[in-house]
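Asker:
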Amino acid sequence: MTTLGVNIDHIANVREARRTVEPDPVQFAFLAELGGADSITVHLREDRRHIQDRDVFLLKETIKTKLNLEMAATEEMLEIAKKLLPDLVTLVPEKREEVTTEGGLDLKINTRYLNNIVESLKDSNIEVSAFIDPVHEQINYSKEIGFKYIELHTGKYAELTGHDQYIELQRIIESAHNANDLGLIVNAGHGLNYNNVKKIASINNINELNIGHSIVARALAVGLERSVREMKSLITSN
Ligand code: PXP
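The structure is reproduced here in structure tokens:
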């Protein structure tokens, strides 16, 4: 059965817009778990634009499911991961100017460096995943470098429509099969929403889907009316 990893970066985005203490992603991780999240995903970025160090250490202590730490393959992040000991580290490419992760890691570059990072994480008993595009070559490199997991980038699938989307879906299906045949555990994510998730969720050998933006957007849609009602009631009950 495919499980759901909930990415709560956007909760921290709202907090950081005011550099204040709410909304607290730690509290929302608890609510995501109540809703059935099988794991909690956070991306600790080099520029700390949303998730902060404090968040990841508190999440590690408080969540009851699993913690998936997305991070760039840097020495700084390696040190943090080795202190934090999350259940899974997902290595992602990171650019300061990007709004969100734009594409998969290119494993062909820095193969040796990535292998050292993966081995170092494994020495601390941390499982490691590579966020990659659904491309055969990248899957082969994932195996070669020593990743146990991969996360297939579904962003392109999410952006395309019609026949082009169908072709991209076939690429994801084929990639998931190939990776499985090589013994890799296959996650997927990026850009998945309430309209496009079903076709990805029905791929047989996908272990977990990581979804953030659409879930947080939906939370606003289903929650705003109540929060306004509560404020209105405080104001008018004077
Ligand atoms: N997987 C990875 C590797 C990501 O970087 C992100 C975005 O932070 C996601 C999944 C979730 O993407 P979305 O927010 O579009 O659901």
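Going by numbering that gives the first Met the number 0, the sequence shown opens with residue 0, and the numbers climb by one from there. C-beta: ideal position from N, C-alpha, C; glycine also.
So if DSSP puts MET230 in a beta bridge, which residue, or which two residues, is it bridged to?
Answerer: Stepping through the sequence shown from its first residue, residue 230 is reached at position 231. For MET230, which the question treats as bridged, DSSP gives no partner whatsoever.
Asker: Can you give me the C-alpha to C-alpha distance between ASP132 and GLU229, rounded to a whole angstrom?
Answerer: For the purposes of this step, residue 132 is identified with residue 133 of the sequence shown, where counting begins at 1. For the purposes of this step, residue 229 is identified with residue 230 of the sequence shown, where counting begins at 1. Cα to Cα, the separation comes out at about 45 Å.
Asker: Can ASP23 and THR64 be called in contact, C-beta distance under 9 Å?
Answerer: Locating residue 23 in the sequence shown gives position 24, where the first residue counts as 1. Locating residue 64 in the sequence shown gives position 65, where the first residue counts as 1. No, the pair does not count as a contact, with Cβ atoms beyond the cut-off.
Asker: Tell me which same chain residues have a C-beta within less than 7 Å of the C-beta of ASP54, skipping the five on either side of it?
Answerer: Position 55 of the sequence shown holds residue 54. For ASP54, where only same-chain residues beyond five positions count, the Cβ hits under 7 Å are ALA11, PRO24, VAL25, VAL41.
Asker: Which complete alpha helix (DSSP H) runs does the segment 134 to 167 hold, if anything under 4 residues is left out?
Answerer: Runs found: 135 to 144, 154 to 158.
Asker: Using the Cβ count rule (16 or more neighbours within 10 Å means buried), how would you classify MET76?
Answerer: For the purposes of this step, residue 76 is taken as residue 77 along the sequence shown, with counting starting at 1. By the 10 Å Cβ count, MET76 comes out buried.
Asker: Under 6 Å Cβ to Cβ from LEU43, same chain only, skipping five residues before and after it: list those, please.
Answerer: As a first step, residue 43 is located in the sequence shown; it is residue number 44 there, counting from the start. So the qualifying residues of the chain are ILE50, VAL55, MET70.
Asker: Throw me the rounded Cβ distance for the HIS152 and GLY102 pair, which I believe falls under 8 Å.
Answerer: As a working note, residue 152 is residue 153 in the sequence shown. As a working note, residue 102 is residue 103 in the sequence shown. HIS152 to GLY102, Cβ: 7 Å. Contact.
Asker: Tell me the start and end of each unbroken alpha helix (DSSP H) in the segment 167 to 226 that is at least 4 residues and wholly inside, in chain order.
Answerer: Whole alpha helix (DSSP H) segments, 4+ residues: 196 to 200.
Asker: Look at the alpha carbon of ILE116 and the alpha carbon of ASN124, and state the distance between them as a whole number of angstroms.
Answerer: Residue mapping note: residue 116 aligns to position 117 of the sequence shown, counting from 1. Residue mapping note: residue 124 aligns to position 125 of the sequence shown, counting from 1. Approximately 13 Å, taken between the alpha carbons.
Asker: In terms of residues, what are the limits of the alpha helix (DSSP H) holding LEU33?
Answerer: The residue given as residue 33 occupies position 34 in the sequence shown. Its alpha helix (DSSP H) spans residues 24 to 33.
Asker: Any contact between the segment 83 to 103 and the segment 138 to 156? By contact I mean 3 or more CB pairs, one from each, below 8 Å.
Answerer: As far as the Cβ criterion goes, the segment 83 to 103 touches the segment 138 to 156, which means the pair count is three or higher.
Asker: Can you find the residues in the same chain that come closer than 6 Å, C-beta to C-beta, to ASN195, ignoring five residues on each side of it along the sequence?
Answerer: If you number the sequence shown from 1, residue 195 lands on position 196. Correct list, in chain order: ALA157.
Asker: How far does the alpha helix (DSSP H) with LEU83 in it extend, from its first residue to its last?
Answerer: The residue labelled residue 83 in the question sits at position 84 within the sequence shown. Here the alpha helix (DSSP H) through LEU83 covers 74 to 83.
Asker: With VAL88 and LEU68 assumed to form a contact (beta carbons below 8 Å), what rounded beta-carbon distance in angstroms separates them?
Answerer: On the sequence shown, position 89 is the one that residue 88 refers to. On the sequence shown, position 69 is the one that residue 68 refers to. Going by Cβ atoms, the distance from VAL88 to LEU68 rounds to 5 Å, so yes, they are a contact pair.
Asker: Suppose you measure from the CA of THR160 to the CA of ILE166; what does that come to, to the nearest Å?
Answerer: The residue you call residue 160 lines up with position 161 of the sequence shown. The residue you call residue 166 lines up with position 167 of the sequence shown. In a straight line, the C-alpha of THR160 is about 10 Å away from that of ILE166.
Asker: Could you check if VAL91 belongs to the surroundings of the ligand PXP, using beta carbon to heavy atom distance under 8 Å?
Answerer: Within the sequence shown, residue 91 is the residue found at index 92, counting from 1. Yes, the Cβ of VAL91 comes within 8 Å of a heavy atom of the ligand PXP.
Asker: Using only the alpha-carbon positions, how far apart do LYS198 and VAL215 sit?
Answerer: Translated into positions along the sequence shown, residue 198 becomes position 199. Translated into positions along the sequence shown, residue 215 becomes position 216. Computed Cα separation, rounded: 21 Å.
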